[in-house]
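At position 127 of the first sequence the residue is numbered 127 (the UniProt record's numbering), and the sequence of numbers has no breaks. Ideal Cβ placement from N, Cα and C applies to all residues, glycine included. Right, one structure below, let's go through it.
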Amino acid sequence: MLRSLAGLAVSLSQSRRYTVFPNQVCIKSNSVGFSWIWPFFTSIGHPPNSFQLFATHASLDGKEVTDDVLNEILANIENAPRSSLELGTVYVDKLCRAGSISAAGQILQILHDKKIFLRPYVYNLLLVGASERNEIDLLFQVFKNLFISYKQLSETSYLHFAKAFVKTDDCVQLLRFVKDVSQLTFPSASVLNRIIFAFAKSGQTDKALLIFDHIRREKLSLDLITYNVVLDILGRAGRADDMLHEFESMKEAGIIPDVISYNTLINSLRKVGKSEMCLAYFSQMGKNGIQPDLLTYSALIESTGRTGNIEESLRLFREMKLKGIRPSVYNYRSLINNLKKVGKDELATTFLEEMNSSLTCLAGPKDFKRKSR
DNA sequence: GTAGGGTTAG
1 MLRSLAGLAV
11 SLSQSRRYTV
21 FPNQVCIKSN
31 SVGFSWIWPF
41 FTSIGHPPNS
51 FQLFATHASL
61 DGKEVTDDVL
71 NEILANIENA
81 PRSSLELGTV
91 YVDKLCRAGS
101 ISAAGQILQI
111 LHDKKIFLRP
121 YVYNLLLVGA
131 SERNEIDLLF
141 QVFKNLFISY
151 KQLSETSYLH
161 FAKAFVKTDD
171 CVQLLRFVKD
181 VSQLTFPSAS
191 VLNRIIFAFA
201 KSGQTDKALL
211 IFDHIRREKL
221 SLDLITYNVV
231 LDILGRAGRA
241 DDMLHEFESM
251 KEAGIIPDVI
261 SYNTLINSLR
271 KVGKSEMCLA
281 YFSQMGKNGI
291 QPDLLTYSAL
301 IESTGRTGNI
311 EESLRLFREM
321 KLKGIRPSVY
331 NYRSLINNLK
341 KVGKDELATT
351 FLEEMNSSLT
361 CLAGPKDFKR
371 KSR
C-alpha cells in the first residue's frame with residue numbers, strides 16, 4: 001500500500017499527467033445508480049455539473065480499483081476545484097460502500113495532504129471499514145487525519161476506533177499509537193480520556209485499563225477526568241479494592257477528587273454492599289469541602305436503607321431536603337421499599353402519599369446531569 | 001458531545 005501511495009504522490013507531483021485523464025469517462029456511464037448521488041449534492045447545497053457526476057459514477061462502476069483508476073479519480077477531483085471537497089467525499093463514500101477501503105484511504109490521505117478535508121461522516125465509514133477488515137494501520141491513519149482536520153471527534157468515531165480491537169489481544173501497536181496521539185494533543189488529556197472511555201464502553205475493560213497504565217507509566221497527559229473514568233470502570237467491574245487504590249493514587253498524582261470522583265466511589269461501594277464505607281467516604285468528602293448532590297444522597301439513602309440502617313437512611317433524606325436538594329422518585333421508592341422490609345408499613349404509606357402529592361416537583365434528569373460547560 | 005442513576009433484583 002505504501003508503495004502505491006508513493007506512486008500516486010509521484011504521479012500527482014507531475015501535474016502534466018492530470019491531462020491524461022479528462023472527464024471523457026462519462027461516455028462509459030450507464031444511468032443505473034446515478035440517482036443516489038444527486039440528492040446528496042442537493043442536500044448539501046452544492047450541485048456540481050452533471051458531467052462530473054457521470055464521471056464519478058462511471059469511473060467506479062464495476063471497475064477494479066487499480067492505481068490507474070485511483071489516478072483517474074484524483075484527476076476528476078482535481079479538475080473540479082470548486083467542488084473537490086464534495087466530489088472527494090462522494091468518491092470515498094462510494095469506495096467504502098463498495099469495500100475498497102484501502103483505495104478510499106489513499107484518496108483520503110492524498111486529499112488530506114492537500115488540505116482538502118472531506119466530510120466527517122466518510123471518516124467514520126473508513127473507520128468502520130478498516131475496523132472490519134482488521135486494517136489497523138489504516139485505522140490509525142484515518143483517526144489521526146480526522147483529528148488533525150476537525151480537532152474534535154464524535155463519540156461514534158471513538159467507538160468505531162475502539163471496536164477495531166475487540167478481536168485482537170495484540171496491544172503493542174495500540175499503545176504505540178496512544179503515545180503518538182498524546183504528542184499530537186499535548187498537553188490536553190481529552191482525546192486520551194475519550195479513547196479510554198470508548199474502550200470501556202465497548203466492553204474492553206482490560207484494554208481501557210492497559211491504556212491508562214501506559215499513559216501513567218509513560219507520563220503522558222492525564223487529568224481528573226482520566227481518574228474519574230478509571231474509577232468508574234473499576235467500580236462497574238466490581239473491583240472495589242482496585243478502585244479505592246486508584247483513588248488513593250490520585251493524591252500522589254496531585255489530582256484533587258471532585259464530587260464525581262466521590263459519587264463514583266460511593267455508588268460503586270453501594271453496589272457491593274459496603275454501606276459503612278459509603279458513609280466513611282461521605283464524611284471524607286465533607287471534610288474536604290466537597291458539597292454532596294442528589295446522586296450522593298441517592299446512593300447513601302439506598303445503601304443505608306438496604307442494609308437495615310433505616311434511621312440513617314431517613315436522616316440522610318431529611319438532611320438532603322434541608323440542603324435544598326429536591327428528592328427524586330428513586331429516593332422515595334428506595335425509602336418505601338426499605339421501610340416495608342423492616343415492617344414500618346405505616347411510615348411507608350406516609351412517604352407514598354408524600355411522593356404522590358409531589359410528583360410534579362420531584363427531581364428529574366436535568367437535576368443531576370452534569371452542568372453544561 | 002470528556003466523567004457520575006433511570007423500574008440499578010424490588
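- Cβ-Cβ separation between Leu231 and Glu246: approximately 6 Å, consistent with a contact (criterion under 8 Å).
- Just so you know, the alpha carbons of Val181 and Leu269 end up roughly 34 Å apart.
- About 7 Å separates the beta carbon of Gly273 from that of Thr307, a gap short enough to meet the 8 Å contact definition.
- Contact check for Ala348 against Leu359 fails: the beta carbons are separated by 9 Å or more.
- The beta carbon of Ile301 is closer than 6 Å to those of Ser313, Leu316, Phe317, Asn331, Ser334 in its chain, skipping five residues each way along the sequence.
- Between the segment 127-140 and the segment 101-108 there are three or more C-beta pairs closer than 8 Å, enough to call the two in contact.
- C-alpha of Gly305 to C-alpha of Asn337: approximately 9 Å in a straight line.
- In the displayed model, Gly289 falls within coil according to three-state DSSP, outside both helix and strand.
- With respect to the 9 Å criterion, Val172 and Ile196 are not classified as neighbours on the basis of their beta carbons.
- Cβ-Cβ distances below 8 Å link Asp258 to Leu224, Asn228, Ile290 in the same chain, with the five nearest sequence neighbours on each side left out; the list follows chain order.
- At a Cβ-Cβ threshold of 9 Å, Phe368 and Ser303 do not count as neighbours.
- Contact between the segment 87-97 and the segment 106-124 is present: 3 or more CB-CB pairs across the two stretches fall below 8 Å.
- Taking every protein chain shown into account, the CB of Glu72 has 16 or more other CB atoms within 10 angstroms, so this residue is buried.
- The distance from the Cβ of Phe147 to that of Leu153 is about 6 Å, consistent with a contact at the 8 Å cut-off.
- Annotated as proximal: Ser157 and Asn124, with beta-carbon spacing under 9 Å.
- Going by C-alpha positions, Arg216 is about 54 Å away from Glu346.
- Rounded to whole angstroms, the gap between the alpha carbons of Asp68 and Asn79 is 16 Å.
- Pairing Glu276 with Lys179, the inter-Cα distance amounts to about 40 Å.
- Around the beta carbon of Cys278, 16 or more other beta carbons sit within 10 angstroms, so the residue counts as buried.
- The beta carbon of Arg326 lies closer than 8 Å to those of Leu294, Cys361, Leu362, Ala363, Asp367 in the same chain, with the five residues before and after it left out.
- Annotated three-state conformation of Ile116 is coil, per DSSP.
- For the UniProt repeat "PPR" (293-327), the continuous alpha helix (DSSP H) assignments of 4+ residues that do not extend past its boundaries occur at 294-306, 310-322, in sequence order.
- In this chain, the alpha helix (DSSP H) harbouring Thr89 covers 84-97.
- Per DSSP, reduced to three states, the secondary structure at Arg217 is helical.
- The UniProt repeat "PPR" (223-257) contains, as complete alpha helix (DSSP H) runs of 4+ residues, the segments 224-236, 240-252 (chain order).
- Taking the C-beta atoms as reference points, Leu111 is found nearer than 9 Å to Gly88.
- Beta-carbon to beta-carbon, Ile101 and Glu64 are separated by about 14 Å, too far to satisfy the 8 Å threshold.
- In this structure Thr264 is not in contact with Gly286, their Cβ atoms being roughly 17 Å apart against a cut-off of 8 Å.
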